[in-house]
Amino acid sequence: MRLPLLSRRRLMAASAGLAGMLPFVSACGAAPAEAKTFPKGRSEAEWKKVLSREQFYVLREAGTERAFTSPLNKEKRKGTFVCAGCANPLYSSATKYDSGTGWPSFWQAIDKGAVGTSTDYLIGYPRTEVHCADCGGHLGHIFGDGPKPTGKRHCINGVALKFVPA
141 MRLPLLSRRR
151 LMAASAGLAG
161 MLPFVSACGA
171 APAEAKTFPK
181 GRSEAEWKKV
191 LSREQFYVLR
201 EAGTERAFTS
211 PLNKEKRKGT
221 FVCAGCANPL
231 YSSATKYDSG
241 TGWPSFWQAI
251 DKGAVGTSTD
261 YLIGYPRTEV
271 HCADCGGHLG
281 HIFGDGPKPT
291 GKRHCINGVA
301 LKFVPA
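Heads up: take any position in the sequence shown, counting from 1, add 140, and you land on this note's numbering.
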């Protein structure tokens with residue numbers, strides 16, 4: 141039995157139809173943490189006053205900083221990484237490791253209540269987004285390719301963090 145070939149015209153029409161749907165797929169995952177009320181919430185105007193442009197882009201608009209641009213990626217001292225928006229303690233230097241990805245990486249949060257998670261679809265497939273439990277600021281994503289004992293990699297935007305030495 142001979143299968144019909146896909147004509148160039150049909151292929152182009154199908155591709156155009158799929159491309160036209162992309163804005164709707166991307167919109168499905170927009171800033172899931174913002175829908176919830178957080179203990180240290182502020183208005184957008186208030187956040188713009190206290191955050192730098194880069195911090196606002198990452199923490200409030202779920203942006204991503206360029207890889208290998210954060211000085212915190214190479215931070216080796218003992219201490220605590222806190223939220224740049226509200227100073228909530230998020231990660232201990234004891235759980236930080238070099239993942240080679242260009243972003244500060246940790247195998248677990250400082251405690252279970254420090255961060256929250258949700259699923260985002262911003263790039264078309266589900267990922268685990270991690271945010272500050274106190275202010276809802278977007279931190280990064282959690283992947284299942286980290287070291288023992290958790291096997292998790294909390295891939296965090298350095299601009300979303302501040303380091304407090306021990």
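Glycine residues also receive a C-beta, built at the ideal position from the N, C-alpha and C atoms.
query: Does the beta-carbon distance from Gly286 to Asn297 come in below 8 angstroms?; result: no
query: Answer yes or no: do Val299 and Ala249 have a C-beta to C-beta separation smaller than 8 angstroms?; result: no
query: By a C-beta neighbour count over all protein chains shown, 10 Å radius and 16 as the cutoff for buried, is Tyr265 buried or exposed?; result: exposed
query: Can you tell me where the alpha helix (DSSP H) with Arg193 in it begins and where it stops?; result: 193-199
query: Taking the straight line between their C-alpha atoms, what separation do you get for Tyr231 and Phe178?; result: 19 angstroms
query: Are the segment 204-212 and the segment 238-258 in contact at 8 angstroms, needing three or more beta carbon pairs?; result: yes
query: Per DSSP, which one or two residues make a beta bridge with Gly225?; result: BP columns for Gly225 are empty, so no partner.
query: Could you check which residue in Lys236, Pro229, Asp260 has the C-alpha nearest to that of Lys252?; result: Pro229
query: Under 8 angstroms by Cβ, that's how I've got Gly329 and His271 pegged, so tell me the actual separation to the nearest angstrom.; result: Lying before the first or after the last residue shown, residue 329 is absent from the chain, which here runs from 141 to 306.
query: Roughly how many angstroms lie between the CA atoms of Gln195 and Lys288, to the nearest whole one?; result: 30 angstroms
query: Would Arg293 be called buried (16 or more neighbouring beta carbons within 10 Å of its own) or exposed?; result: buried
query: So the candidates are Arg217, Phe221, Lys236; which of them puts its Cα closest to the Cα of Thr290?; result: Lys236
query: Cα-Cα, which of Cys295, Gly276, Asp274, Glu186 is closest to Ile282?; result: Cys295
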